[in-house]
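Participant: When you line the sequence shown up against this note's numbering, it's residues 127 to 528, in that order.
Think of the CB as a built atom: it goes at the ideal place given N, C-alpha and C, for glycine as much as any other residue.
Before I ask anything, here is the structure I am working with.
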Amino acid sequence: MRTGVVVGLLVVSLLAVSAPVAGQSDDVTLTVAVETANGTAVGGATIDASWDGGSATVRTASNGRAFVDVPEGADVSLAVESEGYIRNRPVVVENASERDVTVEVGPKGTLTVAVNDTSGPVADARVSLRRDGESVVSGTTDADGTFTTPAVEQGEYYLELTKAGYYRNLTLETVGEDTSLNKSMRRGTTNVAFRVVDDHFSPPEPLSEVRVEVADIGSQRLTDGTVTFTLPVNTRYEVTATKDGYETATTTVDVATGATERTLTLNRERALNLTASNERVVVGESLQVTVRNAYDEPVEGATVTVGDASATTGASGTARVTVPAAGEQTVVATLDGVTSNELTVEGVATATAEPDATPTATDTPTATEAATDTPTATSAPGFGVLAVVAALLGVALLARRR
């Protein structure tokens, strides 16, 4: 009874070990043959296989063959090297399956380059070996102006030497088992003209009175048209343009070997200019304002605020906003983080007149009231004069009788 249980457990265990894990792909075998260009098998070569998430290393037998187990469907890179042979670039097997793969190798070689100019060794010059349009190996010369490549396939390569301030040196060279070359480089300069424009306009408008600065070289003021710098060839410079009222612009300029012209662009500093139609507004009535940008163009969508009241400008750059209270009120416009100048307007309260319904006695003089009891001479025009004349005549007659 116990024996049967043990056997059963062993069978289950063996099935569990041999069962594939869910989601895990099966391995396939690549049969890799390493040989020279004339078909000679290369034994003892090391094959470094790598793929996403894994790698393996095997060696070829005397017949130049080796077996590499890789995940089915993987893209596998095969780099090969032996004591006397090498391959510059790995062979890539896409969508791996059971198949034969041939990897061709070439005899090993090295190249040592000594670079000089008229003053002596050129340090930090970039050395590049290229074949079929691709860089096989690259590096820089040391303090003695020397660079030695790692092992590469023997054969023809384009040798390129470059350094800022020097003309490029490009030659076709043959690399043997241990090749040494002496190469010279020549310094050079070229003229680069800079013009500065404002591309807010179409076509862009040229600018004047602009300061153009080339890093590590110096600066010049562009007054009209262009400004020209003499710069070392095959260099890269940071160029900055500045002008009052404009945003500073910095760009990187690659300088080749021939005279050329570069265009830099500047734009005005972002600004909002706010104006109002009135300085005094009755409380509760609206104030018309206008918002324009740094180019004196109407600004749409700006928010204009007066105290707690606000309004948004339309396509014409105008808006009407209610003056909420009496006294001095601050008016300001904002858009996309830019704030305008501030204006001050006066809110005027509406005045209400209160009539005086109770006249006082002092409004009418007492003498005038007494005078109203007796008609004045003006109440009967000419009567006062006739009475006086008649009285005088009466007096005269009376005196004569006596």
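Taking DSSP's pairing of strands, which residues face T391 in a bridge?
Facilitator: V323
Participant: With DSSP run on the structure shown, which of helix, strand or coil describes P216?
Facilitator: Per DSSP, reduced to three states, the secondary structure at P216 is coil, with no helix or strand assignment.
Participant: Roughly how many whole angstroms lie between the Cα atoms of N164 and S188?
Facilitator: 17 Å
Participant: Of the choices T444, V154, S412 and Q414, whose alpha-carbon is the least far from that of E423?
Facilitator: Looking at T444, V154, S412 and Q414, the one whose alpha-carbon comes closest to that of E423 is T444.
Participant: For the beta strand (DSSP E) that contains G210, what are its first and last residues?
Facilitator: Run containing G210: none; DSSP gives neither H nor E here.
Participant: Taking the alpha-carbon positions, what's the T162 to P197 distance?
Facilitator: 28 Å
Participant: From what residue to what residue does the beta strand (DSSP E) around R225 run?
Facilitator: R225 to E230
Participant: Between which two residues does the beta strand (DSSP E) containing Y284 stretch?
Facilitator: G281 to T288
Participant: So, T155 versus T172, is the Cβ gap smaller than 8 Å?
Facilitator: no
Participant: On the premise that G235 lies in contact with Q280, defined as a C-beta separation below 8 Å, what is that separation, rounded to the nearest angstrom?
Facilitator: 4 Å
Participant: Could you spell out the range, first to last residue, of the beta strand (DSSP E) harbouring I173?
Facilitator: T172 to W177
Participant: Just to confirm my understanding: we take T439, look at its own chain, exclude 5 residues before and 5 after, and list those with CB closer than 7 Å. What are they?
Facilitator: V417, V425, E426, G427, A428, V430 and A445
Participant: In angstroms with no decimal places, state the Cα-to-Cα distance between L287 and R252.
Facilitator: 6 Å
Participant: Where does N164 sit, in a helix, a strand or coil, going by DSSP?
Facilitator: Of the three classes helix, strand and coil, the one that applies to N164 here is coil, per DSSP.
Participant: Within 10 angstroms of the Cβ of V521, are there 16 or more other Cβ atoms? Answer buried if so, exposed if not.
Facilitator: In this prediction, V521 has a pLDDT of 44, which is less than 50 and means its spatial position is unreliable; nothing more can be read from the coordinates.
Participant: In whole angstroms, give me the CA-to-CA distance for R190 and D270.
Facilitator: In the sequence on display, residue 190 carries Gly and not Arg. Rounded to the nearest angstrom, the two C-alpha atoms are 42 Å apart.
Participant: Does the segment 374-383 touch the segment 403-417, meaning 3 or more C-beta pairs lie closer than 8 Å?
Facilitator: no
Participant: Using 8 Å as the Cβ pair cut-off and three pairs as the minimum, do the segment 399-414 and the segment 334-344 touch?
Facilitator: no
Participant: On the three-state DSSP scale, how would you describe V194?
Facilitator: strand
Participant: Would you mind sorting G473 into buried or exposed? The rule is 16 or more other CB atoms within 10 Å of its CB.
Facilitator: Buried is the call here.
Participant: When you compare only the Cα positions, how much space is there between N393 and D370?
Facilitator: 11 Å
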